[in-house]
Amino acid sequence: MERRANERYRVWFPLTVVTDEGQEGTAISYDVSASGLLMACPGSLQVDDVVTLRFKLASDDQDERNVQAKIIRVEATTDPEGPWRYRMAVEFLTPQPDLEGLLEGQVED
Numbered sequence: 001m002e003r004r005a006n007e008r009y010r011v012w013f014p015l016t017v018v019t020d021e022g023q024e025g026t027a028i029s030y031d032v033s034a035s036g037l038l039m040a041c042p043g044s045l046q047v048d049d050v051v052t053l054r055f056k057l058a059s060d061d062q063d064e065r066n067v068q069a070k071i072i073r074v075e076a077t078t079d080p081e082g083p084w085r086y087r088m089a090v091e092f093l094t095p096q097p098d099l100e101g102l103l104e105g106q107v108e109d
């Protein structure tokens with residue numbers, strides 16, 4: 001059984017996904033950890049693509065995060081006509097350990 005090194009937090013916030021070619025798209029987070037996240041997207045990218053994720057954990061955050069990540073899994077959702085047709089898992093190229101403390105305040109027990 002696989003054990004995750006970092007706790008995952010089920011939080012939803014919008015992200016901007018920027019490809020190496022400069023194309024931008026919108027995504028919504030499903031769950032987030034210090035090492036990566038799972039997001040819903042209207043379009044698909046390829047496994048091993050490197051992207052930049054831009055996001056704020058809360059609407060009143062002053063600073064937008066810019067985190068480079070590698071796509072590690074892409075799967076179609078069960079709603080091919082819906083706005084969020086794909087789920088993509090990404091691994092941050094540099095872990096973000098400070099996210100855990102910030103995320104704890106975003107999640108209701």
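Residue numbering for the sequence shown follows this note's numbering, starting at 1 and increasing by one per position. Even for Gly, the Cβ is constructed at its ideal location relative to N, Cα and C.
Any idea if residue i is buried or exposed, counting beta-carbon neighbours within 10 angstroms, 16 or more meaning buried?
i   : result
S59 : exposed
A40 : buried
Taking the continuous alpha helix (DSSP H) assigned at residue i, which residues delimit it?
i   : result
D98 : 98-104
For residue i and residue j, I'd like the C-alpha separation in whole angstroms.
i    : j   : result
M88  : D20 : 17 Å
A5   : V74 : 21 Å
N66  : L45 : 18 Å
R54  : L93 : 14 Å
Y111 : D49 : Past the edges of the chain, shown from 1 to 109, lies residue 111, and the structure says nothing about it.
Give me the DSSP bridge partner(s) of residue i.
i   : result
F92 : A69
R87 : A40, E75
(Q) At 3 residues or longer, what runs of the beta strand (DSSP E) sit wholly inside the stretch 15-85? (A) Within the stretch 15-85, the complete beta strand (DSSP E) runs of at least 3 residues fall at 24-32, 36-41, 50-55, 65-76.
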